[in-house]
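The structure appears below as structure tokens.
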Amino acid sequence: MSDTVGDVLLGRLREWGVKQVFGFPGDGINGLLAAWQRADDKPQFVQARHEEMAAFEAVGFAKFSGQVGVCVATSGPGAVHLLNGLYDAKLDHVPVVAIVGQTERSAMGGSYQQEIDLISLFKDVCSEYVQMCTVPKQLPNLIDRAIRIALSEGAPTAIIVPSDVFELPYEPPGHAFKQVPSSLGMSEARVVPDDDALRRTADLLNAGHKVAMLVGQGARGCVAELTEVAELLGAGAAKALLGKDVLPDDLPWVTGSIGLLGTTASWHLMMECDTLLTIGSNFPYTQFLPELDQARAVQIDRSGKWIGMRYPYEINLVGDAKSTLQALIPLLERKTDRSWREKVEKWVDSWWTTVQRRAMTDAEPLNPMRIFWELSERMPENAIIAADSGSSANWYARQLKFRGDVRGSLSGTLATMGPGVPYVIGAKWAHPDRPGIAFVGDGAMQMNGMAELITISKYWKQWADPRLIIAVLHNNDLNQVTWEMRAMENSPKFDASQNLPDVDFAAFARSLGLHGDNIDDASALGDAWDRALAADRPTVLDVRCDPNVPPIPPHATFEQAKSLVDAVIGGDDDSAGFIKQGIKQKVQQYFPGEKKDRS
């Protein structure tokens, strides 16, 4: 029996080194599933509970491996379900390939069951490359280009295959007119700006007295180079949200996250610098950068598509971050005046003091910040951390102190609910020998995290390190939106939209044969983390926490924090609780004994 298109498609994925494909079955891909059976499940078909989760798992795999993630779905509704995860990949610049079934060619255009114009559907989300395979000879070129474009552009791509094409006998492209042969593999490019641009950049940076660096995910793998630049320039470095794991937080000049979820140290760094060096970041919130006429600025980015945005950069360098920094370093002069660096380090030290004090402030029944602080105290240096959108993203950005080789990510630009649990599942396939941890709000957990616990229970025994911890911030409130309503709309909490039904997440985990731990006492939290980090299987930490602990922005004054609670005091059922917590949290920033030198 000759190979079918389905057989060759799977074989091509194996040749590219793809070990897992995340998906859900359906009749639009039955011919491919039959080929999977013949291929002895290689690459492994990882069955999610929903196609959106399969896409998120592919994104998580790609984010934490640096390789392409692959997901698969059937025609019609299966294809539609992939979209949110693929948009997450697009907006965070992640290489993902989607393989999607379509109705048979003979039915196309006939308004047949599950027929959707998939080319049009995917044209925006997979704008870099989306094609339909209508004859077998197209196949190798389509697969190879989809993978190469996904990797080189950091983007999702899609291949659409009518269901009958999967079952056709495979014919390779020939040495003939209008046939396109293809080949495997791709070497990585290292682009460096020209010598004149590097010299002008060095002159600008050498002239600065108070240099700030902003690093994003494009600077990953550059710890040595970033450290040397910071040392030469006496600079401090803030991190965009997707770049939280680019530099460890125990370096005294790393100010932490920037933006609405950022730190006071990063806020002061940006507001007082006279020179800005942005590396591998497309951070969009201009109001958290220096005033537009305050700083001379340089940006380094691998793509001209993303350069020169967000700030009036004087020099825009298109180049690979590592190679560009290596070429720049010999041209930099070490600054003898270290007063700026000393000020930055005081801000950093003051911030981490504030973080600890805020986390240890009492709440009813438990302060959510303490969940994160207690992990920071015992976090394995090879942990992989995922956070969901919502209030868990606030505490992830501010409270967690990354050390060693810790990796972390979340849905940075789309900021969609729901990827926390599937991200960490994808991470476990990328690094089965490393512990995975996800922080998830109870809203996201009810939306889809509970269902993906079933996926975890199905596969966890295949991982060399069985530790996968889901920490649920259980407050029966869609907390981020509640606070956004208060802060942005001056509106009391709208109970009908914000209150969640109460669910015992730990009990559900235990019903699946996983560990489940219910915690409602702050003094028990450290021991619960210790048990989970020593467990022989995945664990759900179901932590009852106070919804009234406010996510205060780094630039908020005491008066502004008080104004927020005053604005809604008349109509919010929780007003007494969040006024008390807001004042207690803001006081920690100005507590006697904290280093407050901002001179």
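Each number in the numbering used here comes from the position in the sequence shown (counting from 1) with 147 added on.
A virtual CB, placed ideally from N, CA and C, is assigned to each residue, including glycine.
All values derive from a computational prediction rather than experimental measurement.
Could you tell me if residue i is buried or exposed, where buried requires 16 or more neighbouring beta carbons within 10 angstroms of its beta carbon?
{"i": "residue 637", "result": "exposed"}
{"i": "residue 430", "result": "buried"}
{"i": "residue 701", "result": "buried"}
{"i": "residue 670", "result": "exposed"}
{"i": "residue 310", "result": "buried"}
{"i": "residue 664", "result": "buried"}
{"i": "residue 321", "result": "exposed"}
{"i": "residue 546", "result": "buried"}
{"i": "residue 337", "result": "exposed"}
{"i": "residue 606", "result": "buried"}
{"i": "residue 324", "result": "exposed"}
{"i": "residue 362", "result": "buried"}
{"i": "residue 149", "result": "exposed"}
{"i": "residue 521", "result": "buried"}
Relative to the C-alpha of residue i, which residue among the options is closest?
{"i": "residue 674", "options": "481, 684, 294 and 688", "result": "688"}
{"i": "residue 346", "options": "196, 371, 564 and 464", "result": "464"}
{"i": "residue 662", "options": "684, 649 and 650", "result": "684"}
{"i": "residue 449", "options": "521, 439, 335 and 507", "result": "335"}
{"i": "residue 176", "options": "220, 670, 405 and 342", "result": "220"}
{"i": "residue 502", "options": "250, 471, 403 and 190", "result": "403"}
{"i": "residue 457", "options": "427, 162, 545 and 192", "result": "427"}
{"i": "residue 118", "options": "319, 511 and 575", "result": "The shown model of the chain, from 148 to 746, leaves out residue 118, and the question about it has no answer."}
{"i": "residue 208", "options": "241, 179 and 183", "result": "241"}
{"i": "residue 339", "options": "472, 355 and 265", "result": "472"}
{"i": "residue 168", "options": "216, 211 and 199", "result": "216"}
{"i": "residue 108", "options": "379, 492, 198 and 257", "result": "Nothing can be reported for residue 108, as the shown portion of the chain is limited to 148 through 746."}
{"i": "residue 558", "options": "547, 575 and 586", "result": "586"}
{"i": "residue 352", "options": "363, 342, 366 and 377", "result": "377"}
{"i": "residue 614", "options": "645, 574 and 546", "result": "574"}
{"i": "residue 350", "options": "280, 365, 478 and 386", "result": "478"}
{"i": "residue 251", "options": "238, 239, 279 and 237", "result": "279"}
{"i": "residue 341", "options": "572, 178 and 447", "result": "447"}
{"i": "residue 151", "options": "282, 454, 692 and 460", "result": "282"}
{"i": "residue 756", "options": "186, 178 and 387", "result": "Residue 756 lies beyond the residue range present for the chain, which begins at 148 and ends at 746; the question has no answer from this structure."}
{"i": "residue 509", "options": "455, 694, 475 and 387", "result": "694"}
{"i": "residue 355", "options": "197, 516 and 442", "result": "442"}
If you drop the 5 nearest sequence neighbours on each side, which residues of the same chain put their C-beta closer than 7 Å to that of residue i?
{"i": "residue 155", "result": "286 and 317"}
{"i": "residue 181", "result": "153"}
{"i": "residue 677", "result": "525"}
{"i": "residue 270", "result": "277"}
{"i": "residue 161", "result": "189 and 190"}
{"i": "residue 233", "result": "202, 243, 245, 272, 273 and 303"}
{"i": "residue 163", "result": "294 and 331"}
{"i": "residue 563", "result": "231, 235 and 536"}
Excluding sequence positions up to five away, which residues of its chain have a Cβ less than 6 Å from the Cβ of residue i?
{"i": "residue 357", "result": "420, 421 and 487"}
{"i": "residue 329", "result": "287, 288 and 291"}
{"i": "residue 616", "result": "584, 679 and 686"}
{"i": "residue 263", "result": "223"}
{"i": "residue 541", "result": "408 and 698"}
{"i": "residue 424", "result": "360 and 445"}
{"i": "residue 300", "result": "275"}
{"i": "residue 401", "result": "384 and 394"}
{"i": "residue 632", "result": "638"}
{"i": "residue 165", "result": "190 and 217"}
{"i": "residue 548", "result": "396 and 523"}
{"i": "residue 519", "result": "542, 546 and 547"}
Starting from the C-beta of residue i, find all residues in its chain whose C-beta is less than 8 Å away, skip the five residues before and the five after it, and write them out in chain order.
{"i": "residue 749", "result": "With the chain covering only 148 through 746, there is no way to say anything about residue 749."}
{"i": "residue 485", "result": "381"}
{"i": "residue 268", "result": "226, 227 and 230"}
**Report entry** At least 3 beta-carbon pairs within less than 8 Å: the stretch 615 to 634 vs the stretch 222 to 230
**Finding:** Here the stretch 615 to 634 makes no contact with the stretch 222 to 230; the two share fewer than three CB pairs at distances below 8 Å.
Report task. State whether the stretch 404 to 421 contacts the stretch 497 to 504, with contact taken as three or more CB pairs (one from each stretch) at a distance under 8 Å. Result -> With the cut-off at 8 Å, the stretch 404 to 421 and the stretch 497 to 504 touch.
Query raised in the report: Three or more beta-carbon pairs under 8 Å between the stretch 565 to 581 and the stretch 246 to 253, yes or no?
Result: In short, these stretches do not touch, since the Cβ pair count stays below three.
Requested in this report: Count the C-beta pairs between the stretch 587 to 601 and the stretch 643 to 656 that are closer than 8 Å, then say yes if the count reaches three, no if not.
Outcome: At 8 Å Cβ cutoff, the stretches touch.
**Report entry** Contact the stretch 436 to 446 vs the stretch 363 to 374: 3+ CB pairs below 8 Å
**Finding:** As far as the Cβ criterion goes, the stretch 436 to 446 does not touch the stretch 363 to 374, which means the pair count is below three.
Query raised in the report: What beta strand (DSSP E) runs, 3 residues minimum, are completely inside the stretch 654 to 693?
Result: List check, beta strand (DSSP E) in window: 662 to 666 and 686 to 691.
Requested in this report: Note down, one range per segment and in chain order, each beta strand (DSSP E) of at least 3 residues found wholly within the stretch 575 to 599.
Outcome: DSSP runs (the beta strand (DSSP E)) wholly in the stretch 575 to 599: 583 to 588.
Query raised in the report: At a cut of 8 Å, does the stretch 586 to 593 reach the stretch 393 to 400 through at least three beta carbon pairs?
Result: No: fewer than three Cβ pairs fall under 8 Å.
Query raised in the report: Counting pairs of Cβ atoms below 8 Å between the stretch 517 to 536 and the stretch 548 to 568, do you hit three or more?
Result: Taking 8 Å as the limit for Cβ pairs, the verdict is that the stretch 548 to 568 does touch the stretch 517 to 536.
Report task. Would you check if the stretch 294 to 313 and the stretch 337 to 351 touch, i.e. whether three or more CB-CB distances between them fall below 8 Å? Result -> No: the two stretches stay apart, fewer than three of their Cβ pairs being nearer than 8 Å.
Report task. Within the stretch 206 to 263, note down every full alpha helix (DSSP H) run reaching 4 residues or more, in order along the chain. Result -> The stretch 206 to 263 contains these whole alpha helix (DSSP H) runs: 224 to 238.
Query - Complete beta strand (DSSP E) runs within the stretch 333 to 420 (minimum length 3 residues, chain order) - result: Counting only runs of 3 or more, we get 358 to 362, 383 to 386 and 401 to 404.
Requested in this report: Could you pull out every unbroken beta strand (DSSP E) segment of at least 3 residues lying fully inside the stretch 170 to 200, listed in chain order?
Outcome: Counting only runs of 3+ residues, the beta strand (DSSP E) found wholly inside the stretch 170 to 200 occupies 191 to 194, in chain order.
Report task. Output the residue ranges of the beta strand (DSSP E) runs that lie fully inside the stretch 266 to 307 and measure 3 residues or longer, sorted by chain position. Result -> The DSSP assignment places complete beta strand (DSSP E) segments of no fewer than 3 residues inside the stretch 266 to 307 at 277 to 279, in order along the chain.
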